Structures are given as structure tokens and as C-alpha cells.
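The block underneath contains the structure these notes are about, expressed in C-alpha cells.
In the numbering used here, the protein residues as written are 718 to 1321.
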């Protein structure tokens, strides 16, 4: 959880309004992926995915449909606004038909219901595509201006957080970049200079209207220009390729443009300017779409015409009403950057030494592990999100296929979910520890009152404290000024209240991880087999990178503890065995093994 200090310093927001701001900030800026994140799936793209699974010639079988449609149900049932008359009765009818299909024995053929599922799915998809974002905005506009009960007793806080998250997911799915959404946040919650020219005091109602108007405005034409550097023969480029104009002359820049704009618009002997006009709601979205299209053309140019490794600029010039501006192409994978201390670096290097000097790891296994790290690096360095996804997925394949078998999608899922699910508790505890440290919340032992170091407290100590009612009350009182923290911590305390509650939480998380792995695999297949563009590529890459790093970290830790480890398959078997033992113990109301794992500050 992250909190923007500028909010408290400048604005006087009501609790509902502050929660909305904090949810937006956390989900578009350095959000902690495994704890609280923008969801890849929302009602709109979930129904779209259902329809895609019914297309003629689709490789999806009934087993895949049960997975995809099971997640559809969970998404639709968690959407408070789906009961709006605009989406009914199609929404309820679709849910009933899908539940009936999922509930039937796998041996039974349910294909007879597919035409009706497809019919209601199409009806709901059209309604959601047209109206879901406006309905979310209308509900938020009304609810955020109402005064609710004080503090955590406000029943609408959880709904505000859920609808804000669904809105953001839909906006990302429509093409909004996280950078654009964060810039919009900054402009909305900074001051009223942006929203009015009369110098009035800040008004949340006016600022929210300004934000929501921009989110819903119709696309307009943006003229964007990229720079292609290190071209051998600039004169050989044609003046026009489709809707892209190529020229050695820069675009005509307005006199009041910045030094950066003028520097980018400076011609040189190896520089070509590529310009096109794109219909979009936002300049960054226009730049991202233009970059994808221009790169497709340049891939063909690289095929035989140009052997030099020319590059498309990471920045672009966009023409706006008030002049030209330089913006970055939205290509970041929104995972929080790990802060590595000197001791943590030394520990990692020691574990790397274990890998290099291991005499028990089989040569093929060691080569595959090195290849996984190499493919991770290649993905991290790739500018294209589809290339990141393919490289990182291939890294997983290299590890899983080292002694494994079966279909690759299922093989990766079955190998990966135990390690990622075991990381759930530690990731949440780390997020809470970081939030308490950032908010300077003093930690004391409930029994003795002794002061604790927030930054240094171990995860198993923090877990024990989080089970104590007195500690919970003190912490919630200390963060009462941040309704997002109150909401998330209350939710977390309920999920871990008893070992059986935690067992149920891990069960749900395992299901989500399995769903997401299969979705990433389908996206990988779209890229590799269909040369397709991937919807929600940013968020899928974020999940995939997180899963891969958890896996590689856990493998190095396991190799350090078990010097006789021979293959990745043995590691996966150990992880599954540990996960099964933890699950059985928690179901029996015993958290002993899990606490033992936390005491090592490891994930398995």
C-alpha cells in the first residue's frame, strides 16, 4: 500500500473521496501486484472472453471453458452494478446457463446450451461495452458526494473500492496506459489550477467532473511524430507508407515548445521522422498505438532493406492545442521495484554461488536454469510487451520441462501454483509492514508495550501480532486517516483470523493463480501462433514477471537449503509437497508449518 503525501498536504477530502483517491493512486502507481492490484479481468472483457471461447474453430475445449466461465461467474458476481436494468435480464440469464454448464458432469455433453449462452453473452457484451464505464462513473459521481457514516462503519467504502477497481480495469482494457491514468490522477488531486482559471479554492466535485469528463470524451485526432535513429540511407525511405509519413525534415514546431521538443525535432544525417495521425482519447494512448503500427512497418524494413540496427525513439512528439509536447511510450510493466539492501545483495550472490558450484545439479538442469535467467533478462530489456510475455513464458517452460511432461500450459500451471500460492501470506505481510513504516505507525507488543522496529520486524512476528485483537485495534486507529489502509487491513485480518480462514483464503488464491497462468498461456499462444496483439498485455506481463521472479527466488533459496537438489522437477515436487502439507494443517486449524516457513522469511 502506497499513500500520496500531496493529498494530505493540499486537499481536505471527505473519507469517501479520500478512499477513491487512494485506490486510484495505489492501482496505477507502483502497486504491489500480489497484494492489491488492478484486476486484469472485469465484466466487459470477461464476457468477451466467453464469446471468444465459443467461436467456430476455437481451440478451447470444455475443460478450458469450465475454467474461463468459472472466472466469468466470479467477476460478474463481484460486480455490484451488474444488477442495473441496462444489463438485465441478460446478465442473470447468462449466469444461470453458465452455472448449469459448469455443474454438469464432465462426461455429459452440454453443447446444446451453447447457442443460448452465446445469445445472452452477445446481448450482455453489447450493453456492457456501451454502458459499463458510464454507469460506474455515474454511480461514483453520486456516491462520492454523499456523506456516509463515520470511519469504517460506512458500508459503501468497500463498494467504492470495488467499482473504482473495475473502472480502472475497463479503462486499461480500452487502451488507457497506467502512465496516463496516473497523470490524470495528479491533475485531479493537485489543485484547482487545472480545473478552473478563476483561482477558486479546490473543489472535489469540480475536479471529479473534470476527470470523469476526460475519461468519457470521444476520441479525437492526435498527430504524433517518432524519431528513427541510425538509418544508413535516409533518402531511401519512401515519403508515405500507408498512413505513416516518413521524412528527413522534422515537423514544424510551435515557437513556445520546450527545449526537449526542439532537441527531438533537430534533423541529422542518420535520422528519419515518422509521423501519423491517430484517433484516441489521450496523447499517450495515441503514441502507444502509433508506435505499434510504425514498428510493424519497420520490422519489414529490417527484413532486407536496412541491416543497421536502427531504433525507434522511446519518446514521441505530440501536437496539442497549446503547442507540442514530448511524451514517453507507455511500455512499463507496473511491478514495484524491489529495494535491495547490501545484506540482501550479498545473500543473493551467495545463493548464486551455490548454483554455480553445485555438484549435484544435473548439467541439463543447470543449463535450463541459466537459460531461464537469460530469458528473464531478455524480457526485461525488450521494449515490446508481447516480446516480454513470450520471453518470460519461455523461461518458465525451460524450468518446467526439465524432467517434466504433458501439455505445456497445464505443466506450467501445476508446477507454478504451489510456490506462488505459498508466497501469498508473506507478500501481504510485506505490504503491510512497508505501509506501517511509510505511515510511521508505532508498533508495540500488546502484552508488554515494548516498542518494535517497523522496518526490521520479521514476518512471522508480524503475523503473530496481526492475529491479536488489541494490536489490530491499535493499528486500525493509527491509520484511521487513510480509509484505504483501514479497508485493506480489515479485510486481511478477517482472511487470517483462524488457520481455517487462511486455508480458505489460500484456496481462493490458488484458483486465481491457476486462472491467470492459463490466461497468460492463451495470450502467449495468440502471439506465437496467430501473431496477435494481446489485450491487457501490461497486466498479464506484470503477473508473469512476478510469478517468474517468485519462482527463481524460491529455487535459489531451496538450492541453498538443500545442497543435494538435482533437478527443477525435484524442486517443484518439494514445493507441491510443502503446499499440500500446509493446506492440510491449516484445514485442521494448525498453522505450525506455515509459521515455520515464515520464520525463514521464505516462500516455500
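For every residue, glycine included, the Cβ atom is placed at its ideal position computed from N, Cα and C. In this text, all values refer to a predicted model and were calculated from it rather than measured experimentally.
Inset, instruction - Find the nearest neighbour of residue 884 within the set 1005, 1269, 760, judged by alpha-carbon distance. - result: With distances taken between Cα atoms, residue 884 lies closest to 760.
Inset, instruction - From the DSSP output, in three-state form, read off residue 1279 for me. - result: Shown here, residue 1279 sits in coil according to DSSP, grouped into three states, outside any helix or strand.
Legend entry - Bridge-paired residues (DSSP) for residue 828: Under DSSP, residue 828 forms no beta bridge with any residue.
Inset, instruction - Inspect the CB distances between the region 932-949 and the region 776-793 and report whether three or more fall short of 8 Å. - result: These segments do not touch.
Inset, instruction - Compute the Euclidean distance between the alpha carbons of residue 921 and residue 889, then round it to the nearest angstrom. - result: Annotation: residue 921 to residue 889 spans about 24 Å, alpha carbon to alpha carbon.
Legend entry - Beta carbon of residue 858 nearer than 8 Å to that of residue 740: Between residue 858 and residue 740, the C-beta spacing is not below 8 Å.
Legend entry - Three-state secondary structure assigned by DSSP to residue 718: Under the three-state reduction of DSSP, residue 718 is assigned to coil, being neither helix nor strand.
Inset, instruction - Report buried or exposed for residue 1317, applying the criterion of at least 16 other Cβ atoms within 10 angstroms of its Cβ. - result: With fewer than 16 Cβ atoms within 10 Å of its Cβ, residue 1317 is classed as exposed.
Legend entry - Integer-rounded CB distance, given that residue 834 should sit under 8 Å from residue 941: Their Cβ separation, rounded to whole angstroms, is 41 Å, which puts residue 941 and residue 834 out of contact at 8 Å.
Legend entry - Length of the line joining the Cα atoms of residue 985 and residue 1045: Approximately 21 Å between the Cα atoms of the pair.
Legend entry - Rounded separation between residue 1128 and residue 1117 - CA only: If you take the alpha carbons of residue 1128 and residue 1117, they lie about 7 Å apart.
Inset, instruction - Determine, using beta carbons only, whether residue 840 comes closer than 8 Å to chain D. - result: No chain D is present in this structure, which holds just one protein chain.
Inset, instruction - In the DSSP assignment, find the unbroken beta strand (DSSP E) run with residue 1043 in it and report its ends. - result: Taken as a continuous stretch (DSSP letters only), the beta strand (DSSP E) holding residue 1043 covers 1040-1045.
Legend entry - Same chain, Cβ closer than 7 Å to residue 721, five either side skipped, listed in chain order: So the qualifying residues of the chain are 742.
Inset, instruction - Give a yes or no on contact between the region 1205-1216 and the region 1099-1110, applying the rule of three or more CB pairs nearer than 8 Å. - result: Counting Cβ pairs under 8 Å, fewer than three are found: no touch.
Inset, instruction - Determine, using beta carbons only, whether residue 995 and residue 1137 come nearer to each other than 8 Å. - result: No, they are not a contact pair.
Inset, instruction - Let me know the secondary structure DSSP gives residue 1117 once reduced to three states. - result: In the structure shown, the three-state DSSP call for residue 1117 is helix.
Legend entry - residue 997 (DSSP reduced to helix, strand or coil): Three-state DSSP puts residue 997 in a strand.
Legend entry - Rounded C-alpha distance that separates residue 1273 from residue 1164: Spanning the two alpha carbons is a distance of roughly 38 Å.
Legend entry - Distance, residue 1179 Cα to residue 1173 Cα: Their Cα atoms are separated by approximately 10 Å.
Inset, instruction - Would you check if there are 3 or more beta carbon pairs closer than 8 Å linking the region 1276-1285 to the region 1107-1114? - result: These segments do not touch.
Legend entry - Nonlocal neighbours in the same chain, by C-beta distance under 7 Å from residue 875, ignoring five residues either side: Counting only Cβ-Cβ distances below 7 Å, and skipping sequence neighbours, we find 1204.
Legend entry - Proximity of residue 1219 and residue 1143 at Cβ, strictly below 8 Å: Cβ atoms of residue 1219 and residue 1143: not closer than 8 Å.
Inset, instruction - Under 7 Å Cβ to Cβ from residue 1188, same chain only, skipping five residues before and after it: list those, please. - result: Cβ within range, chain order: 1163, 1182.
Legend entry - Length of the line joining the Cα atoms of residue 1223 and residue 953: Residue 1223 and residue 953 have their alpha carbons spaced roughly 59 Å apart.
Legend entry - Contiguous alpha helix (DSSP H) assignments of at least 4 residues, all confined to the region 795-873: As far as the region 795-873 is concerned, its whole alpha helix (DSSP H) runs of at least 4 residues are 807-820, 831-861.
Legend entry - Coarse secondary structure for residue 964, derived from DSSP in three states: The three-state secondary structure of residue 964, taken from DSSP, is strand.
Inset, instruction - Check whether the Cβ atoms of residue 758 and residue 1152 lie closer than 8 Å to each other. - result: Not closer than 8 Å, so no.
Legend entry - Cutoff 7 Å; reference residue 756; Cβ partners in own chain excluding five residues on either side: Hits under 7 Å: 882, 886.
Legend entry - Three-state secondary structure (DSSP) of residue 945: Here residue 945 sits in strand by DSSP.
Legend entry - Uninterrupted beta strand (DSSP E) stretches inside the region 899-928 (no shorter than 3 residues): Counting whole runs of 3 or more residues, the region 899-928 contains no beta strand (DSSP E) stretch at all.
Inset, instruction - Can you tell me which of the three DSSP states residue 1304 falls into? - result: Helix, per DSSP.
Inset, instruction - Note the first and the last residue of the continuous alpha helix (DSSP H) segment covering residue 1078. - result: No alpha helix (DSSP H) holds residue 1078; DSSP gives it neither H nor E.
Inset, instruction - Quick one: using the 10 Å Cβ neighbour count with 16 as the cut-off for buried, is residue 862 buried or exposed? - result: The residue in question, residue 862, is exposed, as its Cβ has fewer than 16 Cβ neighbours within 10 Å.
Legend entry - the region 803-820 touching the region 780-794, judged by at least three CB pairs closer than 8 Å: Contact between the region 803-820 and the region 780-794 is established, with three or more Cβ pairs separated by less than 8 Å.
Inset, instruction - Could you tell me the distance, in whole angstroms, from the CA atom of residue 1005 to the CA atom of residue 945? - result: Roughly 15 Å between the two C-alpha positions.
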